[in-house]
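Participant:
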Amino acid sequence: MAGSPTARRRRLSIELKKLREQSALTCAQVGQALDWSGSKVNRMETGSGRVQPSDIDALCRFYGTGDEMREFLKSLARQAKVRGWWQVHGSGVPEWFNIYIGLEQDASTFRQYQCEVLPGLMQTHAYASELHRTGAHMTTADIDRAVRVRMERQDMLSRPDAPEAWFVVNEGALRNVIGDRALMREQLERVLDAVRLPAVTLQVLPFDSGTYPTTGSFTMLGFPAPEDPDIVYRDGITDAIYLEGEHHVREYTRAFDGLRAAALSPQRSTHLIESISKEFAR
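Plus 8 on top of the position in the sequence shown (first one is 1) and you've got our numbering.
#1: Is it right to say His-255 is buried, meaning 16 or more other beta carbons lie within 10 angstroms of its own, or is it exposed?
#2: In three-state terms, what does DSSP make of Asn-106?
#3: Per DSSP, Met-228 forms a beta bridge with which residues?
#4: Could you confirm whether any beta carbon from chain C is found closer than 7 Å to the beta carbon of Gln-60?
#5: Expressed to the nearest angstrom, what Euclidean distance is found between the alpha-carbon atoms of Thr-4 and Ile-64?
#6: What are the boundary residues of the alpha helix (DSSP H) that includes Thr-209?
#7: According to DSSP, what are the bridge partners of Tyr-250?
#8: Suppose the cutoff is 7 Å on Cβ atoms and the five residues either side in sequence are ignored; what does the same chain contact list for Pro-221 look like?
#9: So if DSSP puts Phe-175 in a beta bridge, which residue, or which two residues, is it bridged to?
#10: Helix or strand or just coil, what does DSSP make of Ile-151?
#11: Note down, in chain order, each residue of its chain lying with its Cβ closer than 6 Å to the Cβ of Cys-35, except the 5 sequence neighbours on either side.
#12: How would you call Phe-215, buried or exposed, if buried means at least 16 neighbouring beta carbons within 10 angstroms?
#13: Which of helix, strand or coil does DSSP assign to Met-146?
#14: Go through its chain and collect everything with a Cβ distance to Met-9's Cβ below 6 Å, but skip five positions before and after it.
#15: Three-state secondary structure (DSSP) at Arg-290?
#16: Can you give me the C-alpha to C-alpha distance between Gln-120 and Tyr-71, rounded to a whole angstrom?
#17: Leu-84 and Arg-19: beta carbons closer than 7 Å?
#18: Would you mind sorting Gln-275 into buried or exposed? The rule is 16 or more other CB atoms within 10 Å of its CB.
#19: Can you list, in chain order, the residues of its chain with a C-beta nearer than 6 Å to that of Cys-123? Leave out the 5 residues immediately preceding and following it.
#20: Just the C-alpha distance for Trp-94 and Asn-106, rounded to the nearest angstrom, thanks.
#21: Taking the straight line between their C-alpha atoms, what separation do you get for Met-130 and Trp-44?
#22: Consult DSSP for Gly-39 and reduce its assignment to one of helix, strand or coil.
#23: Select from Leu-191, Asn-184 and Asp-114 the residue whose C-alpha is nearest the C-alpha of Asp-163.
#24: Assign Asp-65 to one of three DSSP states: helix, strand, or coil.
#25: CB Thr-132 to CB Glu-79, shorter than 7 Å?
#26: Beta carbon of Gln-176, beta carbon of Leu-229: below 7 Å?
#27: Assuming Thr-222 is part of the alpha helix (DSSP H), what are its boundary residues?
#28: For the putative contact between Met-52 and Ser-21, defined by C-beta atoms under 8 Å, what is the C-beta separation to the nearest angstrom?
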């Protein structure tokens, strides 16, 4: 079972929806039978509402599940209430991004395309700080919290059970000067350190790559349990979207494969990053 509170909440939602669909009932029908609103049932199945142990008891009696399933679901509900390590940083991490970090912590595969900036899991403290200072109206304290969380997230790439991480980065993200040239050289050296990790693969999409899928930046997370479907994540300035449907995952997988095919090989990508890093030293 996935380990973070976010992943447990997601798994609970999946299991509750599965039980209802096996009974061939709508949310409204379940709600009416239990003297609840249909929207309450829907909130439980989408993870947007807190699920109490008493709710689990009522649903399991109604669906006729066994004791083992009931206790499993109640355990998920209890553990979903635990705060993740990243949530102690408060307003430095917006709620919509809290959800993403929780999912990221349990991913077994990680695929990301970045077209404007370098991947957050490879950013230096100085680079990340500069992005936060210019990209949003945040207090100094909130910027410090946000950057601290980003630095701690990077540990996932070097842990023994690191996810298989594959990055495709547009050449423009390597050449776009964030801060100054000295900062960028330090940042590219950090990228080169990251690509030496066993679980990390990085390809650069060069300016002369020709036609390729134009999608904007996105991340795809895969999970070890077959019950937990892959998810596509895209964020903006004030919010994010999470796409879980089979159609969405299939099309983004196709787009990512197209980007990989158009990009330089990992070895040639490393050589290009080294070359650009030297340019910043002049």
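A virtual CB, placed ideally from N, CA and C, is assigned to each residue, including glycine.
Facilitator: The answer reads as follows:
#1: Position 247 of the sequence shown, counted from the start, is the residue given in the question as residue 255. When all chains shown are included, His-255 counts as exposed.
#2: Walking along the sequence shown from the start, residue 106 turns up at place 98. The answer is helix: DSSP assigns Asn-106 an H, G or I state.
#3: In the sequence shown, counting from the first residue as 1, residue 228 sits at position 220. The partner list for Met-228 (beta bridge, DSSP) reads Arg-119 and Val-240.
#4: Absent from the structure is chain C; it holds one protein chain and no more.
#5: One cannot answer for residue 4 here, as it falls past the ends of the chain, which runs 9 to 290.
#6: Walking along the sequence shown from the start, residue 209 turns up at place 201. It is not in any alpha helix (DSSP H) - Thr-209 instead sits in the beta strand (DSSP E) that spans 208–213.
#7: Position 242 of the sequence shown, counted from the first residue, corresponds to residue 250. According to DSSP, which records beta bridges pairwise, Tyr-250 is partnered with Tyr-241.
#8: Against the sequence shown, residue 221 aligns to sequence position 213. Excluding positions up to five away in sequence, the list reads Ala-263, Gly-266 and Leu-267.
#9: Taking the first residue of the sequence shown as position 1, residue 175 is located at position 167. Its beta-bridge partners are Gln-120 and Leu-210.
#10: Translated into positions along the sequence shown, residue 151 becomes position 143. Helix.
#11: Counting from 1 along the sequence shown, the entry for residue 35 is found at position 27. Gly-46, Val-49 and Asn-50.
#12: Locating residue 215 in the sequence shown gives position 207, counting from the first residue. Exposed: under 16 other Cβ atoms inside 10 Å.
#13: For this step, residue 146 is matched to residue 138 along the sequence shown. The answer is coil: DSSP assigns Met-146 none of H, G, I, E or B.
#14: Taking the first residue of the sequence shown as position 1, residue 9 is located at position 1. Low per-residue confidence applies at Met-9: pLDDT is 41, beneath 50, and the placement is therefore not dependable, though the value from the model is reported in the following sentence. Cβ within range, chain order: n/a, list empty.
#15: By one-based count along the sequence shown, residue 290 stands at place 282. In this structure, Arg-290 counts as coil in the three-state DSSP scheme.
#16: In the sequence shown, residue 120 corresponds to position 112, counting from 1. In the sequence shown, residue 71 corresponds to position 63, counting from 1. So the two alpha carbons sit approximately 40 Å from each other.
#17: Position 76 of the sequence shown holds residue 84. Position 11 of the sequence shown holds residue 19. The answer is yes: Cβ separation under 7 Å.
#18: As a working note, residue 275 is residue 267 in the sequence shown. Flag for Gln-275 reads exposed.
#19: For the purposes of this step, residue 123 is taken as the residue at position 115 of the sequence shown. Here the set comprises Asn-178 and Ser-225.
#20: Taking the sequence shown and counting its residues from 1, the one referred to as residue 94 is at position 86. Taking the sequence shown and counting its residues from 1, the one referred to as residue 106 is at position 98. In this prediction, Trp-94 scores a pLDDT of 49, lower than 50, which makes its location untrustworthy; the coordinate-derived value is nonetheless stated afterwards. Roughly 7 Å separates the two Cα atoms.
#21: Here residue 130 refers to the residue found at position 122 when the sequence shown is read from its first residue. Here residue 44 refers to the residue found at position 36 when the sequence shown is read from its first residue. Here the alpha carbon of Met-130 sits roughly 47 Å from the alpha carbon of Trp-44.
#22: Residue 39 sits at position 31 when you count from the first residue of the sequence shown. Helix at Gly-39.
#23: The residue given as residue 163 occupies position 155 in the sequence shown. Among Leu-191, Asn-184 and Asp-114, the Cα nearest to that of Asp-163 belongs to Asp-114.
#24: Position 57 of the sequence shown, counted from the first residue, corresponds to residue 65. Helix, per DSSP.
#25: The residue labelled residue 132 in the question sits at position 124 within the sequence shown. The residue labelled residue 79 in the question sits at position 71 within the sequence shown. Result no, Cβ atoms of Thr-132 and Glu-79 do not sit closer than 7 Å.
#26: Taking the first residue of the sequence shown as 1, we reach residue 176 at position 168. Taking the first residue of the sequence shown as 1, we reach residue 229 at position 221. Per the sequence presented here, residue 176 reads as Val, with Gln not at that position. No, these two residues do not count as a Cβ contact at 7 Å.
#27: Here residue 222 refers to the residue found at position 214 when the sequence shown is read from its first residue. Note, Thr-222: premise wrong, no alpha helix (DSSP H); not H, not E.
#28: Within the sequence shown, numbered from 1, the residue matching residue 52 stands at position 44. Within the sequence shown, numbered from 1, the residue matching residue 21 stands at position 13. Sure, about 7 Å apart at Cβ, within 8 Å.
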